[in-house]
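Engineer: Take the sequence shown: its letters are residues 757 to 842, numbered as in my numbering. One structure, pasted below without further comment.
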Amino acid sequence: MGAAGVYALLRIGQAVLVRDADPALVIYSEHAGYFWRAWTAGYAGGAIAFVAWLCARRDPRALARGLAVAVPVAAVLAAAQGLLVP
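Below you can see the structure in the form of structure tokens.
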């Protein structure tokens, strides 16, 4: 859930702020945007999971309330990314 939300934010931010080169004009590129976004989102998701684990040890009910909010937010972000910047 954390990685999915971070990926959607990265993709939307990159599409809005940075224009990629036209793939038809580029013969070879050593930069694969999808893989960089996926690795960055996975790294951030791992950090979010660690913080969630620390919170679960302290107060599991508060974590459950936070997850009840975070799941729909991540779903909306993923849907927005899929619809607006596929």
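Ideal Cβ positions, reconstructed from N, Cα and C, are used throughout, including at glycine.
Indicate whether A794 and G758 have their beta-carbon atoms separated by less than 8 Å.
Structural biologist: Numbered from 1 along the sequence shown, position 38 holds the residue referred to as residue 794. Numbered from 1 along the sequence shown, position 2 holds the residue referred to as residue 758. It is not a contact, given that the beta carbons lie outside the stated cut-off.
Engineer: For the putative contact between L766 and T796, defined by C-beta atoms under 8 Å, what is the C-beta separation to the nearest angstrom?
Structural biologist: Here the question's residue 766 lines up with position 10 in the sequence shown. Here the question's residue 796 lines up with position 40 in the sequence shown. 6 Å between Cβ atoms; contact.
Engineer: Could you check how far apart the C-beta atoms of A836 and I768 are, in whole angstroms? I think they sit under 8 Å.
Structural biologist: Position 80 of the sequence shown holds residue 836. Position 12 of the sequence shown holds residue 768. Indeed they touch by this definition, with Cβ atoms about 7 Å apart.
Engineer: With R767 as the anchor, note down where its alpha helix (DSSP H) starts and where it stops.
Structural biologist: Counted from its first residue, the sequence shown places residue 767 at position 11. Per DSSP, R767 belongs to the alpha helix (DSSP H) from 758-773.
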